[in-house]
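What follows is a set of notes on a single structure, which appears directly below.
Numbering (our numbering), first residue to last: -16 to 268.
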């Protein structure tokens, strides 16, 4: 059986098994400028093209730009659900690629300050998101109480780094905080902007050995993304590179990473978006 057939069967089996259907992936980084958001949106598209229904929550309330990289302009955020009587249908946008995006804005940062009435509003609105197999959360820089909770209840945390020593140091520091905070979610690593497959693997190996030696935890290698001029061109055009240049080297790397993620067989923590949000609000309360 070829690889394509294996992938089709994997997707079919996932859809038949409701306990594994919904997955929360939080994408973070130890520092800004490593391409985290670009990875998040292009990975979302790749998973969507695999037949999964993907929603991206932009939780980077400091530099929210998921909509910009998709080339669309959103009018409302979660803040407007809380304070301006908007619904989730008013807030989310559907991209040309079929991926839903939800701008978080300052509404994300203030989740732990909500009273019971506002919490009920959030849970009720997020419960309307029924047709989602994977929720990707584009995390912001820094680790506030809210962001740590978003990570705590994610099924998988993906840390994006690159071969630069400073980026590796920051990635290690982030992982150290996650572990010290008692977060048990699986941690995967994507090495961005590498020269080739060898540099990607070598970079991961350095991080893996350091985390294993000093923190006693293993992290998983999800793959690498090569430095590709098409990525910069796509950013200038305000389009995802996997859509504008589907056969570019970086795009092929993203597809391999999406296959790696789909190939993981673990029991996920959440069955719906509503359950995930409810856990967060209960924990923050």
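Even for Gly, the Cβ is constructed at its ideal location relative to N, Cα and C.
Boundaries of the alpha helix (DSSP H) harbouring residue 27: 19 to 32, taken from the DSSP string. Rounded to the nearest whole angstrom, the C-alpha separation of residue 158 and residue 196 is 13 Å. For residue 83, the number of other beta carbons within 10 angstroms of its own is at least 16, and it is reported as buried. Contact annotation, residue 102 with residue 264: C-beta distance approximately 5 Å; criterion of less than 8 Å satisfied. Of the other Cβ atoms in all chains shown, 16 or more fall within 10 Å of the Cβ of residue 122; this residue is therefore buried. DSSP places residue 127 in no beta strand (DSSP E); its state is neither H nor E. DSSP places residue 183 in the uninterrupted alpha helix (DSSP H) bounded by 180 to 198. Three or more beta-carbon pairs separated by less than 8 Å link the segment 19 to 32 to the segment 73 to 88, which places the two stretches in contact. As DSSP reads the structure, residue 6 sits in a beta bridge with 117. Inter-residue distance for residue 202 and residue 211 is about 26 Å (C-alpha atoms, whole angstroms). For residue 235, the enclosing alpha helix (DSSP H) starts and ends at 232 to 245.
With the rule of 3 Cβ pairs closer than 8 Å, the segment 142 to 156 does not count as touching the segment 53 to 67. Residue 217 sits away from residue 9, with the two beta carbons spaced by 7 Å or more.
One alpha carbon belongs to residue 165, the other to residue 261, and they sit about 20 Å apart.
In this structure, the CA atom of residue 162 is about 37 Å from the CA atom of residue 229.
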